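Each residue of the sequence shown is one higher than the last, beginning at 0 in numbering that gives the first Met the number 0.
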Amino acid sequence: MSENKLVDLSVNFAVDIFNIGRRVKDETRMYNQADQLIRSGSSIGANIHEANYAASKPDFINKLHIALKECYETEYWLLIFEKTSLITTDEYKKLYNQCCNLRRMLAKSIITAKSNLQNMKTNKRDGLLSSEDFEELSEEELEKLGSVGSQWIKL
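In structure tokens:
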């Protein structure tokens, strides 16, 4: 596994979803439903991956929120697939557990990111920035800091 467990888990989940979706399409010809499961299930990882290249902390948090919402949608489709016998109960449990793990990790990541963002805003307000916080600022934020004057000091 790489350094980012969330990315690895979301990729593995997407592969499992693709395989189930492909099988459902082949066996039942329920293309639209299978495609919907594939779209929501693979979108989780796509948004997590995109979050890692976000333009700002709020953008990062937003991408994780989108991934979280896709988890909820995927859980819904998995339940429908299981209730209509498109997937077995064992397949449902496995995929549902993977999805729940992703959801919990995303929720924790969002909470942490929001807390870090709030701390950064507090530090900006108080005129204190750590080196890490300073490097996290966007070009626009740096310009605003530069226009404030020398009270902003890179620690």
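Idealized CB from N, CA, C, for every residue including glycine. As the structure is a computational prediction, the values presented were derived from the model and not from experiment.
Give me the residue from 15, 10, 9, 6 with the minimum Cα distance to residue 91. Minimum Cα distance to residue 91 is reached at 15.
What residue range is occupied by the uninterrupted alpha helix (DSSP H) comprising residue 37? Element bounds for residue 37: 30 to 50.
Do residue 105 and residue 66 count as a contact pair if the criterion is CB distance below 9 angstroms? With contacts defined as CB atoms closer than 9 angstroms, residue 66 and residue 105 qualify as a contacting pair.
Report the residue from 57, 109, 37, 27 whose alpha carbon sits nearest the alpha carbon of residue 76. Taking only the C-alpha atoms, the option nearest residue 76 is 37.
Below 8 angstroms, can you find three or more Cβ-Cβ pairs linking the segment 16 to 25 to the segment 37 to 47? Yes, they touch.
Spatially closest choice to residue 6 from 86, 115, 98, by CA coordinates: For residue 6, the nearest C-alpha among the options comes from 98.
Residue 27: first and last residue of the uninterrupted alpha helix (DSSP H) it sits in: Counted as a single uninterrupted DSSP element, the alpha helix (DSSP H) harbouring residue 27 occupies residues 4 to 27.
Buried or exposed by the 16-neighbour rule on C-beta atoms within 10 Å, applied to residue 102: Label assigned to residue 102: buried.
First through last residue of the alpha helix (DSSP H) which encompasses residue 78: Looking at the DSSP string, the run of the alpha helix (DSSP H) that includes residue 78 is 56 to 82.
Would you mind stating whether residue 114 and residue 63 have Cβ atoms separated by less than 9 angstroms? With contacts defined as CB atoms closer than 9 angstroms, residue 114 and residue 63 fail to qualify as a contacting pair.
Could you round the C-beta distance between residue 73 and residue 43 to whole angstroms and report it? I think they count as a contact, below 8 angstroms. The beta-carbon separation of residue 73 and residue 43, rounded to 7 angstroms, stays under the 8 angstroms limit for a contact.
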